[in-house]
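Take a look at the structure below.
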Amino acid sequence: MDSFEINKIITAVLLVVLVIFGVGKISDLVFKVKKPDIDGYKVEVNVGGTTVTQASSESQVDIAALLAMGDVEHGKKVFKKCAACHSINQGGKNKIGPKLWNVMFRPVGSVTDYKYSKALSGYKKDWNWEEMNGFLIKPSTWIKGNKMGFAGLKKEKDRASVILYLNQNSDSPKQLP
C-alpha cells in the first residue's frame, strides 16, 4: 500500500468525523430550543372530590391530601422494607439505621446512641410531615451526603402510609394536618 492510499483513508476518516460534528453544530444553530425557566410541570389530582394542584417539586406537596391517601395497615406492610435496617418497637435497639420509635417531630439526627452521617447530624430540622415525605421519596437527594442506601418510595400512597405508621408508633402521635 503506497502513501497515496494511506492519505485517502486518513482523509476519509477525518471527513466523516468533521461531517458528524459539523452536522451537530449546524443543527444546534438552525434549530434553537428555548429551555424553560422552571423545570417541572403541574399535575392536578382529584382526591376525595377536591382538586389538588401539585407542582413536580417536592417542596409544594399538599401534605393533607397526601396523608389522606394512606392508611396505617398499608404502612405496616410497606415498613417491612425499612425493618431490615430500622427498629420501630418502643424500647427497640438501633440496627444498621437508628431506631424509629417516636421519630415523627423529633429533631433529625437526634438518637444519642447512634452514629449519624455528618449530613444528618448537621441537618437542623425536625421530622415533620413534609420533611419525612421528601426524605422517603429519595433519601440521597433530600439530604445530600447521608449514608442511607435506600432508593426511596415512589408511590404516594406508600409514603403516606409509612408516615402515618411512623406517627402511630410514638408515645404521643400527632394530630393529622
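When we follow the working numbering, the leftmost residue of the sequence shown carries the number 146, and every step to the right adds one. Glycine included, C-beta positions come from ideal geometry on N, C-alpha and C. Here the structure is a predicted model, which is why all the values come from computation and not from measurement.
- Per DSSP, reduced to three states, the secondary structure at residue 182 is coil, with no helix or strand assignment.
- Looking only at 153, 178, 248, 164, the smallest Cα-Cα distance to residue 308 is reached by 248.
- Contact annotation: residue 272 and residue 251 have beta-carbon atoms nearer than 8 angstroms.
- Between residue 212 and residue 318, the gap from beta carbon to beta carbon reaches 8 angstroms or more.
- Setting aside the 5 residues that flank it on each side, residue 301 is surrounded in the same chain by 211, 214, each with a C-beta closer than 7 angstroms to its C-beta; the list follows chain order.
- Between residue 225 and residue 233, the alpha-carbon positions lie close to 10 angstroms from each other.
- Proximity to residue 259 across 275, 238, 149, 268 peaks at 238, based on C-alpha coordinates.
- Counting the other Cβ atoms within 10 Å of the Cβ of residue 281 gives 16 or more, which makes it buried.
- Taking 8 angstroms as the cut-off, the Cβ atoms of residue 278 and residue 206 count as close.
- The three-state reading of DSSP puts residue 322 in coil, since its state is none of H, G, I, E or B.
- Counting along the chain, the unbroken alpha helix (DSSP H) around residue 153 starts and ends at 148-175.
- In this structure, the CA atom of residue 315 is about 6 angstroms from the CA atom of residue 246.
- Rounded to whole angstroms, residue 159 and residue 228 show a C-alpha spacing of 59 angstroms.
- In this structure, residue 270 lies near residue 253, with their beta-carbon atoms less than 8 angstroms apart.
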